[in-house]
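S.K.: Quick one: structure below, then a few questions.
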Amino acid sequence: DRDRVIATWMKFVQQDIQFKCEYRFLRPDGSIIWVLGQAVTEKDANGKIVGYVGTITDISDRKLAETAIKESEAKYRRLAENLPSFVYRFVLHPDGSHEYTYISPGVRELYEYEPEIIAKNPQLPWEVTHPEDIPSLNETILISAQTLQPWKWEGRIIPPSRRLKWVQGMSRPEKQPNGDIIWDGVIIDITERKQAEQLIADYQRTLETQVQQRTAQLAQEISDRKQIEAALRQSKARYRGILEDQSELIARFKPDGTVTFVNEAFCRYFGLRRQELIGYNYAPVIYEPDREHVARLVNSISRENPVITVENRVIIQEQVRWTQWINRAIFDDAGSIVEYQAVGRDITELKQAEEALRQAKEAAEAANHAKSTFLANMSHELRTPLNAILGFAQLLKHDSNLNPQQKENIRIISRSGEHLLGLINDILDLSKIEAGCIVINETDFDLVEMVAELKEMFQVKAKAKDLDLEFNLTPEVSRLIRSDRLKLRQVLINLLDNAIKFTNEGRVSLTVTRIDKPEKGLNMLFSVSDTGVGIGEDEMQHLFTPFLQTKAGIATAKGTGLGLTISRKYVQLLGGDIAVQSQLGQGATFQFEIKVIPVNSTAIGNRQISRRVIALAPNQPQYRILVVDDNDNNRQLLVQLLAPVGFEVREATNGEAAIKMWETFQPHLIWMDMKMPAIDGYQATQRIKATAKGFATIVIAITASAFESQKLAMLAAGCDDIVCKPVSEQVIFEKLAQYLGASFIEEATTTIWSGESNYNLNLSAMQALPKSWLAELEQATLAQDRVALEQLILRIQPQEIALAEAIKNQIENWDYSNILEAIQSVKAGNEENTATNEEQSNVKLPTQWVSDMKQAISLADLNLIEDLINQIQKDNPVFAQIIQGHLDEFDYKKILAELANIEMQDSCE
């Protein structure tokens, strides 16, 4: 201090100002004391300096007090910095969406919402977060997701009570194979801690003010030291009171583990008195297996990383409990650790919840695996006999020797089997949806053709209930699109089936509209409306719940309550959602909008078979087919289906026999069952496809499995395609046409088609159109007037979608001759019908027979109608055939019209 004191003295001498300086004295015994030196000039009568008068005062005590105040201030400021619910599982998906898959009940008290509310709206925690804290929340989550480092965040929330709370979140991220990131963690209320921190800051400011005041007084009077010491004791008491009132466990200990301070909460928690803790090592309260782990973590604290969080077990009254501690190091000016501060809390319940969650997850995974195994076995065990039941029922339908009662019995078998198959498919689809195994399989297809197919499918059901069935496609609808055809078709089937089921009079309609969205591409809007019983407002919220039905659904005693659930899931997979508008007694409208991609191709897929195949078309090769199945019924079904049509068919009962038969028979196509004893279909296919000759052989798997993973394994084994049991004859012949290019002749049609044909002119549909329209069509075709032809097509398109598209296709390909040939065939058919009608006009029928037939129709008694037709078969075969044709189409109006003509003829005579 010497140079500073000399400089101050020289300034005093030169400028004649008061001398006042604090400095240290080195006493003879080697000790150092602090002094305050003060001096003034002494002058004579003339104002001349004649000397100096001064004092030297010992201020060591004051300096010690000031140092103690500063150290105490720093110590308690550090102590108050880290005064330490709801448990959750948070999932962030690769597309940016997120959800909570588990929320503990503790969220009610903290966020003031029910767990189910937040589960449905995972954005709620963000909505109640203080606007100023949302950026930090999003940033910390993003950093944790990118680095997979633990997430920790503190911020404010404003729950419904509008009472501001401080919360702290902690969790660890875990990346999943599908790209999801899962955080399992906890959010706790730290409002009291934050309030305590604010209180400490206020007292710190107060203390600083007091210190300044006391220091000024000490400059004048050393005795004021006693007052400063009293203020210091008072401040210590206040801070100690704050710490003692905290619910968190607070302790301080030296680097060697000696405890220097514990609060009352710490003592209560461990059941020990303060004197049993202070001065002793903290290690004995830690569960022995965790001691080395805790010591290693505490020793890892450094100036660069001054705070760590430790979770460990402790011993409380011979019981083991879990705790979490936030440990902060306190450093001296040299950077050495002088003390540790630990703030802890009990997390036993949280650990138990985590363990319960882990066990529940393992149990759920085991249950899901068991369910998948069960469903796979159930699928095979149910579909295999259903394949034989439905297949042989289809074959029996074609037997002309069956009487009406037998035909009705066969129809009942088919309907019951198809109903059972529908139930199995619904349950399996729901299971796959719940397991997340449903995937989108986009293909290019003809939307107009699919809608026409649906209209033909539901026409009979609608006519049976005397309902108007309207299908409307707006002119701008894209005909060729890319989407998941099977899922879209299934949704429309479910909605149309429900509409007809719950409508007793009026109409059912399907409307398809194109919606162009420049920013999102092309969308299609599908709307199914009916005039049926409608849906009550109280049933709307449960409409899409699995296995729950409306009152109207329960009253029908049909269905599983899964159709709408599956439909909605499918639509959501396609990028949309189903909206419902309905009032009880006023019908319902189901509407959904999905994104599609327009396709420019003019030839998509293969034409589907709509009638029974009776033979191979002329000039076909001799196709060789091998049927492989260990089930005799399934083999015989395919043999009896294919051999009469003209295929050369051989059989094999297992994979080994199939390989030997393939080597000698050299089939063009193999129908391969995949689940067989010994060498199964997978092994047989692999061995056949491994050769150059076998690679050219088409192998189509026939399986009872409904799971995508097994289907992928079949394709990986070398199968060219897969069909699921039960297999319809329509699918069998479509696959033969697709892979062999086989051409067939259908029953009751003059049209020959093949796998290479996409559009054919339906003569029956043209015959039903007005003669005036046909005349205009013939004239426009002869003139090759494309404008007139397009106008004629637009006039029939709402009713005859498929026919309109077929004519349009002929025009686009300049095939006017095909249109003229079709018109001539229709005209010839009309002349034949005229002759038939003339023959019919001479029909003589008993009055009682006419009356009985009208009564049978009013009762919809199919058995009685069949009996009455058989009664006139011998004497009036033509009229009987006409009535039977109307009956097959469930067109009771035409039957009644025929009867009215007979009655009019009798009255005229």
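With the sequence shown counted from 1, adding 561 to any position gets you this note's numbering. Every residue, glycine too, gets a C-beta built ideally from N, C-alpha and C.
Provide the residue span of the beta strand (DSSP E) that contains Q885, from first to last.
M.R.: Q880 to F892
S.K.: How many Å lie between N682 and P676 at the Cα?
M.R.: 10 Å
S.K.: Examine the Cβ distances between the stretch 1042 to 1058 and the stretch 1008 to 1028 and report whether three or more of them are shorter than 8 Å.
M.R.: Result yes; three or more Cβ-Cβ pairs closer than 8 Å.
S.K.: Please list the terminal residues of the continuous beta strand (DSSP E) segment that includes S1304.
M.R.: S1304 to E1307
S.K.: Comparing alpha-carbon positions, which option in Y841, E837, D763 and A826 lies nearest T819?
M.R.: Y841
S.K.: So, under 8 Å CB-CB, L1425 and W1410 are touching, yes? Tell me the CB distance rounded to an integer number of Å.
M.R.: That belief does not hold up - the Cβ atoms of L1425 and W1410 are roughly 12 Å apart, past 8 Å.
S.K.: Look at the alpha carbon of G612 and the alpha carbon of E603, and state the distance between them as a whole number of angstroms.
M.R.: 5 Å
S.K.: Given a threshold of 16 other Cβ atoms within 10 Å of its Cβ, counted over all protein chains shown, does K1048 qualify as buried or as exposed?
M.R.: buried
S.K.: Going by other Cβ atoms of all chains shown within 10 Å of its Cβ, with 16 needed for buried, is H557 buried or exposed?
M.R.: Only positions 562 to 1470 of the chain appear in this structure, which leaves residue 557 out of reach.
S.K.: For I971 and I950, which I take to be in contact (beta-carbon distance under 8 Å), what is that distance rounded to the nearest angstrom?
M.R.: Actually they do not touch by this definition, with Cβ atoms about 11 Å apart.
S.K.: Are the CB atoms of R906 and I749 nearer to each other than 9 Å?
M.R.: yes
S.K.: One question on the structure: do T1225 and D1190 come within less than 9 Å of each other, judged by their Cβ atoms?
M.R.: It is not a contact, given that the beta carbons lie outside the stated cut-off.
S.K.: Please state if the CB of R1196 and the CB of V1206 are separated by a distance shorter than 9 Å.
M.R.: The Cβ atoms of V1206 and R1196 lie no closer than 9 Å to each other.
S.K.: Tell whether a beta-carbon distance below 9 Å holds between L1028 and V1069.
M.R.: yes
S.K.: Let's see if you can read the secondary structure: which residues bound the beta strand (DSSP E) around T1074?
M.R.: R1068 to K1078
S.K.: In three-state terms, what does DSSP make of Q1144?
M.R.: coil
S.K.: Note the first and the last residue of the continuous alpha helix (DSSP H) segment covering E1361.
M.R.: Looking at the DSSP string, E1361 is not in any alpha helix (DSSP H), and its letter there is neither H nor E.
S.K.: Would you check if the distance between the CB atom of Y672 and the CB atom of V648 is smaller than 9 Å?
M.R.: No, the pair does not count as a contact, with Cβ atoms beyond the cut-off.
S.K.: What does a CB cutoff of less than 8 Å around D1138 pick up in its chain, not counting 5 residues either side in sequence?
M.R.: R1129, V1132 and F1153
S.K.: Over what stretch of residues does the alpha helix (DSSP H) that includes P1182 continue unbroken?
M.R.: Note, P1182: premise wrong, no alpha helix (DSSP H); not H, not E.
S.K.: How close, in whole Å, do the beta carbons of V1038 and R1075 come, if the pair is a contact with beta carbons under 8 Å?
M.R.: With 8 Å as the limit, V1038 and R1075 qualify as a contact, their Cβ atoms being about 5 Å apart.
S.K.: Identify every residue that forms a DSSP beta bridge with S1044.
M.R.: T1004
S.K.: Tell me, which residues are paired with I617 by DSSP?
M.R.: G598.
S.K.: Using the rule of at least 16 other Cβ atoms within 10 Å of the residue's Cβ for burial, across every protein chain shown, is F1256 buried or exposed?
M.R.: Around the beta carbon of F1256, fewer than 16 other beta carbons sit within 10 angstroms, so the residue counts as exposed.
S.K.: I want to know whether the stretch 1094 to 1109 touches the stretch 1142 to 1153 - three or more CB-CB distances under 8 Å.
M.R.: yes
S.K.: Just the Cα atoms here: how many angstroms apart are K572 and K581?
M.R.: 11 Å
S.K.: Just to check my reading of the structure: P686 and S705 have Cβ atoms closer than 8 Å, yes? What is that Cβ distance to the nearest angstrom?
M.R.: For a cut-off of 8 Å, the C-beta gap from P686 to S705 is around 15 Å, too long to register as a contact.
S.K.: In terms of residue numbering, what span does the alpha helix (DSSP H) encompassing M1222 cover?
M.R.: G1216 to F1226
S.K.: Once DSSP output is grouped into helix, strand and coil, what is the label at C828?
M.R.: helix
S.K.: When the Cβ atoms of the stretch 1283 to 1295 are set against those of the stretch 1242 to 1258, are three or more pairs found closer than 8 Å?
M.R.: no
S.K.: How many angstroms separate the CA atom of Q967 from the CA atom of Y1243?
M.R.: In a straight line, the C-alpha of Q967 is about 40 Å away from that of Y1243.
S.K.: To the nearest angstrom, how far is it from the Cα of E1010 to the Cα of R1040?
M.R.: 8 Å
S.K.: Buried or exposed: where does I567 fall if 16 or more other Cβ atoms within 10 Å of its Cβ makes it buried?
M.R.: exposed
S.K.: Given a cut-off of 9 Å on the beta-carbon distance, is the pair D1234 and A1277 in contact?
M.R.: no
S.K.: To the nearest angstrom, how far is it from the Cα of Q1385 to the Cα of A1326?
M.R.: Those two C-alpha atoms are separated by around 14 Å.
S.K.: In terms of DSSP beta bridges, what is G1082 paired with?
M.R.: K1078
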